[in-house]
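Below you'll find the structure, written out as structure tokens, and then a few comments.
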Amino acid sequence: MDVSLQHPNSDTHTIAFYNTENLFDHLNDPLIMDTDFLEKANKKWNKDRYETKVYKTGKAISKIGFDDLQKPPSLIGLAEVENDKVLTDLVQSTHLKDHNYGFVHYNSPDERGIDVALLYDKNSFRLETSETITLHVESKLGVRDYTRDILKVSGYLRDEKIHVLVNHWPSRHQESDATGHKRMYAAQRVIGLMNDIRDADVDAKIIVMGDFNDNPKNESIQFLKNEQRLYNPMETLLSYTRGSANHNYKWILFDQILMTDNLLAPKNGGLQFLKADIFDDSFLTQFSGKYKGQPFRTYVGKKYKGGYSDHFPVYIQLKEQQPLNGSDLHSET
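UniProt numbering applies: residue 1 is where the sequence shown begins, and numbers increase by one.
Written as structure tokens, this is what we have:
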């Protein structure tokens, strides 16, 4: 018997996204710029620090949505993971090893070697297909930016097919007007992918998640939302006192999960949106000092702090609604 069917909340699922802040192993990969995460580097990254990072990342993931459902997420999109090794170590770590997670990951052309990935609970999600989509973005001078791919994963969350697009859009290394065109291109690429999915299934249920390096009201996110008629529950979560990351004492919400509107009012049963939130429990925060309440980071610059990440996870929850039949309709009248 499927273990998930025995769980009292087997019909409800947490779907999360987490920028892990450089989940690198401590081994040298000559194909990428991972020199900051070697023992001889200024950051003094080593086996012990790596193992602590994996342990804490697994702990954070296991707690997302747990207070509501008494189980960890069914799907977790990740950003800033280096390779298959760190993902293998992560799913086998203390807090995740008993939950039967698999993962989907492809190496991207990002120069630093930070990729996106998707973890999935094999008891809840049946993987069907996956692919990686390269973003060919350039600076205004025509120089290519080797950035992260988009990860497209399709499968069945219990009995219903869904498509998940995991993103980590080009960063704001400079002012937003210098790099905003790159994120607009990324938004257009996502729109194209969604159109392809809908050409095959007009009623496809699609979830778009990621670190978009833009807030919900920024142009790229609004363009994506409006072009594809997406619902963005993260729009109401950002405030002066709350976000998924903090820059210069200002909260931002670059980490978001958007969805097609058929997850709000599904036809004849199926997965339906329940809630969205930022997972900012106290153990993920700075306990004291001038940064109190902000994410408890692994590093501040080159100074090791031993925390979790410079981002909080975000998540949504979906519930499987049973289709109405004649007797159901009669009982409600």
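Note that beta-carbon positions come from the ideal geometry of N, C-alpha and C, so glycine has one too.
It should be emphasised that the depicted structure is a prediction, and the values quoted were computed from it without experimental measurement.
- Counting only the Cα atoms, aspartate 98 lies some 38 Å from arginine 183.
- Cβ-Cβ distances below 7 Å link isoleucine 197 to His163, Ala204, Ile206 in the same chain, with the five nearest sequence neighbours on each side left out; the list follows chain order.
- With respect to leucine 253, leucine 271 sits apart: the two C-beta atoms are not nearer than 7 Å.
- Straight through space, the alpha carbons of glutamine 188 and tryptophan 169 are spaced by roughly 12 Å.
- Residue pairing of proline 295 in beta bridges, as defined by DSSP: Thr285.
- It is roughly 26 Å from the alpha-carbon of serine 139 to the alpha-carbon of proline 30.
- If one requires a minimum length of 3 residues, the beta strand (DSSP E) runs lying completely within the segment 76-110 are 101-105, in chain order.
- The DSSP-derived three-state label of glycine 113 is coil.
- Lys71 is the residue among Lys71, Gly77, Lys53 whose C-alpha sits nearest the C-alpha of proline 8.
- Taking C-beta atoms under 8 Å as the contact rule, arginine 297 and serine 309 qualify, at a distance of about 7 Å.
- Take asparagine 232, set aside five residues on each side of it, and the residues of its chain with a beta-carbon closer than 6 Å to its own are Pro216, Lys225, Leu258, in chain order.
- Of the candidates Ile64, Lys305, Gly58, Glu128, Gly58 places its Cα closest to the Cα of glutamine 92.
- Using a Cβ-Cβ distance cut-off of 8 Å, the segment 148-164 and the segment 110-118 are in contact, since at least three pairs of beta carbons, one from each stretch, lie closer than that value.
- With distances taken between CA atoms, alanine 16 lies nearest to Asp280 out of Asp280, Thr285, Gly307, Gln321.
- Counting only unbroken stretches of 4 or more residues, the alpha helix (DSSP H) elements lying wholly within the segment 168-249 are 176-200, 219-228, in sequence order.
- Taking the CA atoms as reference points, aspartate 89 sits about 7 Å from valine 54.
- Under the DSSP assignment, alanine 265 falls outside any alpha helix (DSSP H); it carries neither an H nor an E label.
- Partner residues in the beta bridge of arginine 126, as assigned by DSSP, are Tyr156.
- Comparing C-alpha distances from isoleucine 114 to each of Gln286, Arg158, Asp34, Ala60 shows the shortest one belongs to Asp34.
- The segment 260-276 makes contact with the segment 299-319; the number of CB pairs closer than 8 Å reaches 3 or more.
- With distances taken between CA atoms, tyrosine 146 lies nearest to Ala186 out of Ser62, Ala186, Glu227.
- Residues Asn19, Val116, His168, Asp211 of the same chain have their beta carbon placed closer than 6 Å to that of alanine 79, with the five preceding and five following residues left out of the count.
- Taking 7 Å as the cut-off, the Cβ atoms of methionine 209 and glycine 102 do not count as close.
- Non-local C-beta neighbours of glycine 155 in its own chain, meaning closer than 6 Å and more than five positions away in sequence, comprise Phe125, Arg126, Leu127, Glu128, ordered along the chain.
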